[in-house]
Amino acid sequence: MATRSIGICTAVAALAADQASKAFVLANAEALATGVAVFPGFNLIFHRNYGVTFGFFQNVPWWVLALVATAVVLFLVVSLIRATQAAEAVAYGMVIGGALGNIVDRLRFEGVTDFLDFYLGTAHWPAFNLADVFVVCGVGILLIFSGREKVAASETSR
Numbered sequence: 001m002a003t004r005s006i007g008i009c010t011a012v013a014a015l016a017a018d019q020a021s022k023a024f025v026l027a028n029a030e031a032l033a034t035g036v037a038v039f040p041g042f043n044l045i046f047h048r049n050y051g052v053t054f055g056f057f058q059n060v061p062w063w064v065l066a067l068v069a070t071a072v073v074l075f076l077v078v079s080l081i082r083a084t085q086a087a088e089a090v091a092y093g094m095v096i097g098g099a100l101g102n103i104v105d106r107l108r109f110e111g112v113t114d115f116l117d118f119y120l121g122t123a124h125w126p127a128f129n130l131a132d133v134f135v136v137c138g139v140g141i142l143l144i145f146s147g148r149e150k151v152a153a154s155e156t157s158r
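For the sequence shown, this note's numbering begins at 1 and goes up steadily by one.
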């Protein structure tokens with residue numbers, strides 16, 4: 001039960017941080033329209049992404065993307081409920097909270113609010129948001145966790 005609670009709290013915190021950051025961006029959308037330099041290699045910019053990662057699937061209706069993301073979240077909730085380790089629950093919570101943040105955007109705006117713009121010279125990484133950061137970090141933790149379990153299992157079977 002405590003493991004599940006940790007995951008749920010993480011999901012709520014990730015969703016809240018994502019939505020708060022996007023509210024700031026939306027409140028300052030006009031000023032961020034052309035980008036505001038924070039430091040060399042990083043700008044804040046208002047961008048609406050109507051696709052998924054790197055702008056793929058921009059021609060897919062927003063509601064289809066929201067529906068697919070909702071199905072993924074439901075699968076992840078089941079995985080969170082089954083989690084036995086706190087790190088695993090935190091990782092699932094991060095992915096769930098991030099995915100929910102982008103689902104909320106799709107429901108409200110038919111696209112996702114992106115605002116983190118990293119670049120080197122004239123080469124810009126596609127803009128992204130905190131929801132994306134939570135998803136990537138959560139998946140990274142799950143991969144590390146999964147790899148550690150496989151190593152432990154192979155050492156035990158020797």
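Where a beta carbon is used, it is the ideal one built from N, C-alpha and C, also for glycine.
According to DSSP, is residue i part of a helix, a strand, or is it coil?
{"i": "residue 33", "result": "coil"}
{"i": "residue 28", "result": "coil"}
{"i": "residue 102", "result": "helix"}
{"i": "residue 112", "result": "strand"}
{"i": "residue 92", "result": "helix"}
{"i": "residue 66", "result": "helix"}
{"i": "residue 17", "result": "helix"}
{"i": "residue 38", "result": "strand"}
So is residue i buried or exposed if we call it buried at 16+ other beta carbons inside 10 Å?
{"i": "residue 94", "result": "buried"}
{"i": "residue 53", "result": "exposed"}
{"i": "residue 73", "result": "buried"}
Taking the DSSP output, what are the residues bridged to residue i?
{"i": "residue 49", "result": "112"}
Could you tell me whether any non-hydrogen atom of the ligand COA is closer than 6 Å to the CB of residue i?
{"i": "residue 101", "result": "Among the components modelled here there is no ligand, and therefore nothing to report on the ligand COA."}
Open item on the list: Closer than 8 Å is the cut-off here; do at least three beta carbon pairs connect the region 123-137 with the region 100-113?
Closed with: Judged by Cβ distances under 8 Å, the region 123-137 makes contact with the region 100-113, as three or more pairs qualify.
Open item on the list: Contact between the region 113-124 and the region 81-98 is defined here as three or more beta-carbon pairs at a separation below 8 Å; is this criterion met?
Closed with: The answer is no - the region 81-98 does not touch the region 113-124, with fewer than three Cβ pairs under 8 Å.
- [ ] Specify whether the region 86-93 and the region 6-15 touch according to this definition: at least 3 beta carbon pairs, one from each stretch, less than 8 Å apart.
- [x] Counting C-beta pairs with one atom in each stretch, the region 86-93 and the region 6-15 have three or more that are closer than 8 Å, which means they touch.
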